[in-house]
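Beneath this line is the structure, given in structure tokens, with notes to follow.
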Amino acid sequence: MAFHEAMNRIRQSDTAPLYIGGLEVSRPETAEAFFQQQTDAIFLFDASGTIIYFNEQLPDMLGYSAETLYEHFAVFNPPDQIEAVTAFFTRALSGETVHYTAQGLHADQHRVTLKITNMPVEQDGQVIGVYGVARDITREKQLEEDVSSIRSQLELTEQIPELVVFHFDVNTQTIEFSPALLHFLGLSEVDATTLDQEQLFSRIHPRDFDPLRFEMERLIAGEKERFEMEVSLLTADDTYQLLRLKAFHRPHHPDHLSVVLYDLSEVDEARRQLVTERAQAREIYEAVNAAISQIDLFSGRILFHSQGFLHIFEELPQDLMLSREWLFERLDVRDHAAMKQFIRRLVDGQAGTIQYRLHFPDGRVKWIEDQQIPIFQLDGTIAYTNSIMHDITLQKAYEEQLRQLALRDAVTHLPNRQALIETIDAWQEKNQSFFVLTVSFNRIAEINNAFGHGSGDQWLQGTAALLQQTKPDETFLGHLGGDEYALLVPTSYKQDVTTCAEALLDLSETPISIEPYALFARISVGVSRYPEDSTDAVELLKHSYTALRRSRRENHSTMHHYASNLDIDYYRRYRLEQDLHYAIERDQLFLEYQPKVDSWTGKIVGLEALIRWQHPEWGRIPPNDFIPLAEESALHVAIGDWVVETACRSMQHWKATGAELVPISVNVSPKRFLIPGFEHHIERMLSTYQLAPELLELEITEAALIMDDPMTSRTLEYVSRIGVRIALDDFGKGYSSMVYLQRYPINVIKIDRQFATHITDDSKAQAIVKSILYMAGEFNLTVVAEGIETLRQLDTFRTLNCPSIQGYLFSHPVQADVMESFLLREILYPIEACSLSSDTVPRFSVSGKVRMLTHHTQSFELPFSDIEAHRTSTRALYFSTKTSLPLSDATFEIRLSEGLQLVTCTVTITGQQDEQYIGEYTNPTEAEQIMRFFQSLRYRP
139 MAFHEAMNRI RQSDTAPLYI GGLEVSRPET AEAFFQQQTD AIFLFDASGT IIYFNEQLPD
199 MLGYSAETLY EHFAVFNPPD QIEAVTAFFT RALSGETVHY TAQGLHADQH RVTLKITNMP
259 VEQDGQVIGV YGVARDITRE KQLEEDVSSI RSQLELTEQI PELVVFHFDV NTQTIEFSPA
319 LLHFLGLSEV DATTLDQEQL FSRIHPRDFD PLRFEMERLI AGEKERFEME VSLLTADDTY
379 QLLRLKAFHR PHHPDHLSVV LYDLSEVDEA RRQLVTERAQ AREIYEAVNA AISQIDLFSG
439 RILFHSQGFL HIFEELPQDL MLSREWLFER LDVRDHAAMK QFIRRLVDGQ AGTIQYRLHF
499 PDGRVKWIED QQIPIFQLDG TIAYTNSIMH DITLQKAYEE QLRQLALRDA VTHLPNRQAL
559 IETIDAWQEK NQSFFVLTVS FNRIAEINNA FGHGSGDQWL QGTAALLQQT KPDETFLGHL
619 GGDEYALLVP TSYKQDVTTC AEALLDLSET PISIEPYALF ARISVGVSRY PEDSTDAVEL
679 LKHSYTALRR SRRENHSTMH HYASNLDIDY YRRYRLEQDL HYAIERDQLF LEYQPKVDSW
739 TGKIVGLEAL IRWQHPEWGR IPPNDFIPLA EESALHVAIG DWVVETACRS MQHWKATGAE
799 LVPISVNVSP KRFLIPGFEH HIERMLSTYQ LAPELLELEI TEAALIMDDP MTSRTLEYVS
859 RIGVRIALDD FGKGYSSMVY LQRYPINVIK IDRQFATHIT DDSKAQAIVK SILYMAGEFN
919 LTVVAEGIET LRQLDTFRTL NCPSIQGYLF SHPVQADVME SFLLREILYP IEACSLSSDT
979 VPRFSVSGKV RMLTHHTQSF ELPFSDIEAH RTSTRALYFS TKTSLPLSDA TFEIRLSEGL
1039 QLVTCTVTIT GQQDEQYIGE YTNPTEAEQI MRFFQSLRYR P
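Right under this line is the structure:
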């Protein structure tokens, strides 16, 4: 291809000028003659690196025919040069002119050394190809190397006295002495002119003379090309020195012989030292506590082994062939796969370390750590591997002891959570069905706060010991954290799991000693099942703990089984915890008030402010659901202060309407007393709303006092001095309340509602209440009985002379405007609740399942929960469930079944009516199916 044709092939425009290395080429068609006259090789690459033009010198230089040169430049470079040449080509493509030396591959496969220049070919500011010039400098390079070799030889012979070189001319029988030889013989350069062959041979020891002459004659006769032997030569100090002599024909000079003498004295010393070091190395090999060996990786032959090899394996394989069969017979089956992978890595040339177990006929097991390092030959193949093996059986035993310690709780000495998970996995591998019981004693936090962590540790040890004594032998007991534990109960247990759980609940009646106290616990139990609830150990514990949280909501010891609806409850708790942070600012919290009345006259003598939360999605949230959430964070401070201010504001409003004010009590979290400033907030609210201090009453529980914190004591003393009343709630429910009446400024005690439940028929309850009333009279305390719901209960408390009553018999908690009318009325009358008998109200329901699909923009895959569907219309399905569901921005899948019939629909909840959810259909077709399903059923009276 002509030069201008090649340029036309890569150019981008017919009019824009071309530039080679910055020089403009205006007429490429006239440049052909210039390139052909050059003595250097000229060539042109396109942007991919393919040769598209060259002059006549390039085929001559590389030995290829012109037709075969239109290839990528990599074809004409040795493999080890391609990367470097490509880098220079890339630089030229980026616009740089580069000069470099590289080797080309001649057609007969020998290498030629080229001095190359690459220039960018540009048009319109873009590089479209590369222009190259190459000169063959192979001969020049070889001459440089020859000169360098000669200089190195001369320097070597002059600078290294141990190396003696001289040359012997066979024709002239003359010797060309090197300076080192003269120095070795103790001769000057003047002496060298008179030194002949006979004089040199006379310095050779007689015993070596004839063998040396014989070999020299054979070398001169051409019977051999070279020989070497040891000779003793008389030196300058008239002593014989042992030398190694090598003689050979000089290259390119067949009539000249070159003789090299090496001083063997140091070689002998090195040999002796080597023998000594080998002996020392063997002593080390035998003494070191390791097995050192060299093994041919492919044949399995043991090339070398120390005594430690026998210490580990206790025998040697036959013919020292360490075959895989011999090794794997002794290897633990659990380590076979790891060993096979380790051997594959060694064959690939990768060093590594492996730990494995060896079994012995007497039942012993040894742990071995084996480090293998492949040693390579010059051609890159593996010659052998160096192996260093250690017996780490004791180390593994220590590690196992540490692991067992890590699986034990330091305080209770019970297996910890990790041990529980490993045990669950082990039971699952045996295909053994079982229950997981999570047990909580529910007091560790308040004990740590009240008495310190030392007492908390006593509590943990006491609860752990109690469980150890109570649990059946077939069960596995572990410690989860705090005073929470888990029991694994196999289904093969002789009694059912309910019996086991009830035995745990009975522990709430057993006192646990913490010097000098004897405390009782409220036991909560959660139960999950394998494999029904999950086949994952962590998830089984999680489900059991989810059921435990449900049990904790009760104010007495109880048990709950895990059910799928608890997952929705957990999601609901999560959403409530998030939304509670904004409940005050979004005006979702409000107060209801329940009156306290004189037991004989019905006159309102006080009020209790009760906080409520109307959630826009989940409806009315019970206080027991969100108050614990507030106390788990710092929200209880803001909420508690809001309650005080809202109650004061309501009293100010009632006062303006002319109502007679009565003391209003607010419940205070025990944690609120631990934060400074509460007493000043109360003072500020009383001053802001211009209220007398005796109109405000703080209700506290035994939990606030059991901590016996100085901050609590100071706050109560302060507010009592300014006239605020203190009421002790749930009196009689705890076990040490009497002490608090003496220690703290209590004005009011409220008898716990559990006494009202049994007061009419339980003489013991009546006796306790009578004792409380007598004590209150002696201490000049006001008494209020809570939870009065029937006239019989009221009559009993009247008989016992209880002065004040609070309960549904007189009023449910009501909103502020209703309470305003009550205060204006001043007197309430008892109205006992009644309900229609069940046979007067037609009942209908069909069982079904519900699960939440979406909430807001989030999708879910929650399990189904149980529902009862009661009626349907063309727009909505009415159903009830024990699971709380969000009232907006959520979709649900519902499945109803009766006999062999099964229908499904998707609904959104739009509200509640008569404690039933109203689920509006999202698909009219599904609504028709549900209606036909209901029409096929019969009402059951």
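In terms of my numbering, the sequence shown opens at residue 139 and continues consecutively. From the three backbone atoms N, C-alpha and C, an ideal C-beta is built for every residue, glycine too. These figures come from a predicted structure and were not determined experimentally.
Reduced DSSP secondary structure (H/G/I, E/B, other) of residue i
{"i": "residue 848", "result": "helix"}
{"i": "residue 481", "result": "helix"}
{"i": "residue 505", "result": "strand"}
{"i": "residue 465", "result": "helix"}
{"i": "residue 568", "result": "coil"}
{"i": "residue 530", "result": "coil"}
{"i": "residue 1070", "result": "helix"}
{"i": "residue 246", "result": "coil"}
{"i": "residue 676", "result": "helix"}
{"i": "residue 197", "result": "helix"}
{"i": "residue 803", "result": "strand"}
{"i": "residue 280", "result": "helix"}
{"i": "residue 226", "result": "helix"}
{"i": "residue 862", "result": "coil"}
{"i": "residue 658", "result": "coil"}
{"i": "residue 882", "result": "coil"}
Residue i versus residue j: straight-line alpha-carbon distance, rounded
{"i": "residue 189", "j": "residue 517", "result": "35 Å"}
{"i": "residue 492", "j": "residue 507", "result": "6 Å"}
{"i": "residue 853", "j": "residue 683", "result": "37 Å"}
{"i": "residue 993", "j": "residue 714", "result": "13 Å"}
{"i": "residue 744", "j": "residue 867", "result": "14 Å"}
{"i": "residue 1031", "j": "residue 689", "result": "28 Å"}
{"i": "residue 772", "j": "residue 639", "result": "35 Å"}
{"i": "residue 320", "j": "residue 357", "result": "24 Å"}
{"i": "residue 1052", "j": "residue 1029", "result": "21 Å"}
{"i": "residue 746", "j": "residue 590", "result": "34 Å"}
{"i": "residue 787", "j": "residue 961", "result": "15 Å"}
{"i": "residue 193", "j": "residue 174", "result": "5 Å"}
{"i": "residue 553", "j": "residue 686", "result": "20 Å"}
{"i": "residue 243", "j": "residue 477", "result": "46 Å"}
{"i": "residue 716", "j": "residue 999", "result": "21 Å"}
{"i": "residue 569", "j": "residue 675", "result": "13 Å"}
{"i": "residue 648", "j": "residue 657", "result": "9 Å"}
{"i": "residue 817", "j": "residue 584", "result": "23 Å"}
Beta bridge counterpart(s) of residue i as assigned by DSSP
{"i": "residue 1016", "result": "1009, 1056"}
{"i": "residue 256", "result": "236, 270"}
{"i": "residue 394", "result": "307"}
{"i": "residue 942", "result": "736, 922"}
{"i": "residue 1102", "result": "The requested residue 1102 is not part of the displayed model; the chain covers only 139 to 1079."}
{"i": "residue 751", "result": "727, 759"}
{"i": "residue 314", "result": "305"}
{"i": "residue 1085", "result": "What the structure shows of the chain is the stretch from 139 to 1079, and residue 1085 is not part of that stretch, so it cannot be assessed."}
{"i": "residue 181", "result": "192, 270"}
{"i": "residue 401", "result": "381"}
{"i": "residue 157", "result": "162, 260"}
Residue i, buried or exposed, once every other Cβ within 10 Å from all chains shown has been counted against 16
{"i": "residue 1057", "result": "buried"}
{"i": "residue 734", "result": "buried"}
{"i": "residue 712", "result": "exposed"}
{"i": "residue 486", "result": "exposed"}
{"i": "residue 963", "result": "exposed"}
{"i": "residue 216", "result": "exposed"}
{"i": "residue 805", "result": "buried"}
{"i": "residue 264", "result": "exposed"}
{"i": "residue 808", "result": "buried"}
Quiz item: Do the region 662-669 and the region 575-594 touch if we need at least three Cβ pairs shorter than 8 Å?
Solution: yes
Quiz item: Would you call the region 437-455 and the region 514-528 in contact, with 3 or more CB pairs under 8 Å?
Solution: yes
Exercise. Specify whether the region 776-791 and the region 751-762 touch according to this definition: at least 3 beta carbon pairs, one from each stretch, less than 8 Å apart.
Key: no
Self-check item: Segment contact flag, the region 592-603 with the region 611-624, C-beta cutoff 8 Å, min 3 pairs
Solution: yes
Exercise. Inspect the CB distances between the region 719-730 and the region 791-799 and report whether three or more fall short of 8 Å.
Key: no
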